[in-house]
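Worksheet: the structure to be examined is printed underneath.
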Amino acid sequence: MHQATTTTGGPTLSTQSRPVRRLIQLYVGLALYGASSALLVEAGLGLEPWGVLHQGLAELTGVSIGVVSIVVGAAVLLLWIPLRQRPGLGTVSNVFVVGIAMDATLAAVPDVHGLAVRIPLLLAGIVLNGVATGLYIAASFGPGPRDGLMTGLHRRTGRSIRLMRTAVEVAVVVTGFALGGTIGVGTVLYAVSIGPLAQVFLRMFAVPRASDVSTVVATGQSRGAILRP
Numbered sequence: 002m003h004q005a006t007t008t009t010g011g012p013t014l015s016t017q018s019r020p021v022r023r024l025i026q027l028y029v030g031l032a033l034y035g036a037s038s039a040l041l042v043e044a045g046l047g048l049e050p051w052g053v054l055h056q057g058l059a060e061l062t063g064v065s066i067g068v069v070s071i072v073v074g075a076a077v078l079l080l081w082i083p084l085r086q087r088p089g090l091g092t093v094s095n096v097f098v099v100g101i102a103m104d105a106t107l108a109a110v111p112d113v114h115g116l117a118v119r120i121p122l123l124l125a126g127i128v129l130n131g132v133a134t135g136l137y138i139a140a141s142f143g144p145g146p147r148d149g150l151m152t153g154l155h156r157r158t159g160r161s162i163r164l165m166r167t168a169v170e171v172a173v174v175v176t177g178f179a180l181g182g183t184i185g186v187g188t189v190l191y192a193v194s195i196g197p198l199a200q201v202f203l204r205m206f207a208v209p210r211a212s213d214v215s216t217v218v219a220t221g222q223s224r225g226a227i228l229r230p
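For the sequence shown, the residue numbers in the working numbering are 2 to 230.
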């Protein structure tokens, strides 16, 4: 069915429905991000940088990796205060939804053995992570806590986002590995492929922006802050 427009220049039904579409994209994307991270854990061939830290802390504390993800996300969000970053709905939702989805997926997926299963699981996890990243960033409800940390450091120090991201992620990987997190071919493959994948899916899931932006949207950061919630 075609959506009608008003002759007085009022919003169309399509425009009115965009916040609903964006909310669906946000939460589907965050849930898929948690699920994709769980697949990388199950593959056991190397995690994304923050996943290495989460797994290392989980090994140290004995709590689930999903709970660790929530705690780390909340701690990183606190660092936004001195950096004067403004969180959006997606930022706060990210802290909880990703960790919950990760633990739920790990509970549902059986343990796998043998490279014939682990390699496809790794590849599926990376591609799904790219899909999830494109979904939640295109929803434009604010960057994830970790991306916001990098853009905040960029603004406060004057250094490039690339440099800030590299510095933070190197520190995260080294710390996570020292605590028992998994580094492997999956870590390298993720690093070289997630950018191009996320850009493809970001364009695919882009939502036309209405002239009035919701007050819960943190604008001006989410696209430049790619690529992690």
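Just so you know, even glycine gets a beta-carbon here, dropped at the ideal spot from N, CA and C.
What is the DSSP secondary structure of residue i, reduced to helix, strand or coil?
i	result
Ser161	coil
Glu49	coil
Ala199	helix
Ile66	helix
Val113	coil
Gly10	Any reading at Gly10 needs caution, since the residue's pLDDT is 44, under 50, leaving its predicted position unreliable; the model's value is listed next. Coil, per DSSP.
Leu136	helix
Gly182	coil
Arg87	coil
Ser194	helix
Pro146	helix
Ala59	helix
Thr167	helix
What are the start and end residues of the alpha helix (DSSP H) that includes residue i?
i	result
Leu41	Leu14 to Ala44
Gly91	Leu90 to Ala109
Val208	Segment: none, Val208 is in no alpha helix (DSSP H) and carries neither H nor E.
Pro83	Trp81 to Leu84
Please look up how many angstroms separate the CB atoms of residue i and residue j, rounded, as I've assumed it's under 8 Å.
i	j	result
Thr99	Gly196	Strictly speaking, residue 99 in this sequence is Val, with Thr absent from that position. 19 Å between Cβ atoms; not a contact.
Ala139	Gln26	6 Å
Met205	Gly135	6 Å
Ala102	Ala32	4 Å
Gly143	Pro88	6 Å
Leu80	Val173	Leu80 to Val173, Cβ: 13 Å. No contact.
Ser141	Arg23	7 Å
Asn95	Pro146	6 Å
Anyone know if the C-beta pair for residue i and residue j falls short of 7 Å?
i	j	result
Leu122	Leu48	no
Val69	Ala59	yes
Leu46	Gly185	yes
Glu43	Val113	yes
Val169	Met151	yes
Ile66	Gln56	yes
Gln200	Gly149	no
Gly131	Leu198	yes
If you measure from the CB of residue i, is any heavy atom of the ligand SAH nearer than 6 Å?
i	result
Ile120	Although the ligand SAH was asked about, the structure shown includes no ligands whatsoever.
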